[in-house]
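Asker: Please read through the structure below; I'll follow up with questions.
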Amino acid sequence: MTLRIEPVGRVVGGRREIADDYWGGVEAIIRLDPAFPLDVVKGLDEFSHLIVTWHFSQASTDDVALHARSPRNDPRWEPSGTFAHRNHRRPNQLATSFPRLVKVDGLDLHVTDLDAVDGTPIYDLGPYFTAMGPRGEIREPAWPREMLDRYWTTKG
4 MTLRIEPVGR VVGGRREIAD DYWGGVEAII RLDPAFPLDV VKGLDEFSHL IVTWHFSQAS
64 TDDVALHARS PRNDPRWEPS GTFAHRNHRR PNQLATSFPR LVKVDGLDLH VTDLDAVDGT
124 PIYDLGPYFT AMGPRGEIRE PAWPREMLDR YWTTKG
């Protein structure tokens with residue numbers, strides 16, 4: 004089965020360059036499709052964070068890697084499979100982020116800490132509900148914390 008979906012909006016502003024780190028404090032706007040009525044964002048301003056599904060639109064389908072590899076190709080970390088990574092090498096090249104919602108201005112959603120570059124198509128979004136967050140103990144190997152120790156720091 005093939006699913007055909009259209010973007011609900013695009014990222015405006017924020018970073019223009021793709022980078023592995025220093026996404027902290029990046030401000031951007033998720034500009035929703037102007038064809039939507041304003042009612043689509045009613046009540047959204049009561050939430051602090053969003054769940055945003057977006058596409059690695061600047062990546063090539065040639066980048067997809069369906070094999071185990073070391074995170075960021077760094078030999079310090081053991082190879083792991085495609086679905087153990089969070090990057091553009093996934094089959095559908097989709098990502099999910101959890102930016103802070105700063106304000107709602109019409110169909111413009113002002114956010115910070117969205118790790119998608121200017122022009123990125125947004126395919127879905129919604130509020131983050133803590134009641135729908137992870138349940139039970141959370142476990143992960145050491146490499147994500149080591150790899151991402153500068154991810155949310157401010158550039159400069």
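Be aware that the sequence shown starts at 4, since it is given in my numbering, and climbs by one per residue.
Quick reminder that beta carbons are idealized off the backbone N, C-alpha and C, glycines included.
Is DSSP giving Val105 helix, strand or coil here?
Answerer: Three-state DSSP puts Val105 in a strand.
Asker: Per DSSP, what are the beta-bridge partners of Asp111 in this structure?
Answerer: DSSP lists Arg34 and Asp108 as partners of Asp111.
Asker: Grouping DSSP H, G and I as helix and E and B as strand, with all else coil, what is Leu47?
Answerer: Of the three classes helix, strand and coil, the one that applies to Leu47 here is helix, per DSSP.
Asker: How many whole angstroms separate the CB atoms of Gly27 and Thr123, which I take to be in contact at a CB cut-off of 8 angstroms?
Answerer: Not really, about 18 angstroms apart at Cβ, beyond 8 angstroms.
Asker: Indicate whether Val15 and Arg34 have their beta-carbon atoms separated by less than 8 angstroms.
Answerer: Yes, they are a contact pair.
Asker: Closest to Lys106 by C-alpha separation, out of Ile141, Phe50 and Thr85, would be which residue?
Answerer: Taking only the C-alpha atoms, the option nearest Lys106 is Phe50.
Asker: What are the residues that DSSP puts in a beta bridge with Ile8?
Answerer: None, per the DSSP bridge assignment.
Asker: Please check the pair Leu117 and Val43, which I expect to be a contact at CB under 8 angstroms, by giving their CB distance rounded to whole angstroms.
Answerer: Wrong, their Cβ atoms sit about 19 angstroms apart, outside the cutoff.
Asker: Which residues bound the beta strand (DSSP E) around Pro130?
Answerer: Counting along the chain, the beta strand (DSSP E) containing Pro130 begins and ends at Pro124 to Pro130.
Asker: Excluding five sequence neighbours on each side, which residues of the same chain lie with their C-beta closer than 6 angstroms to the C-beta of Arg92?
Answerer: Contacts found: Asp66, Val67 and Ala68.
Asker: Among Glu9, Phe86, Gly46 and Glu140, which has the Cα closest to the Cα of Pro130?
Answerer: If we check each option's Cα against that of Pro130, Gly46 comes out closest.
Asker: Please state whether DSSP places Thr64 in a helix, a strand or coil.
Answerer: Of the three classes helix, strand and coil, the one that applies to Thr64 here is helix, per DSSP.
Asker: Should Phe39 be labelled buried (16 or more other beta-carbon atoms within 10 Å of its own) or exposed?
Answerer: The residue is exposed, with fewer than 16 neighbouring Cβ atoms inside 10 Å.
Asker: Take Gly109 and list the residues in its own chain whose beta-carbon comes closer than 7 angstroms to its own, dropping the five residues that flank it on each side.
Answerer: These residues qualify, in order along the chain: Leu41.
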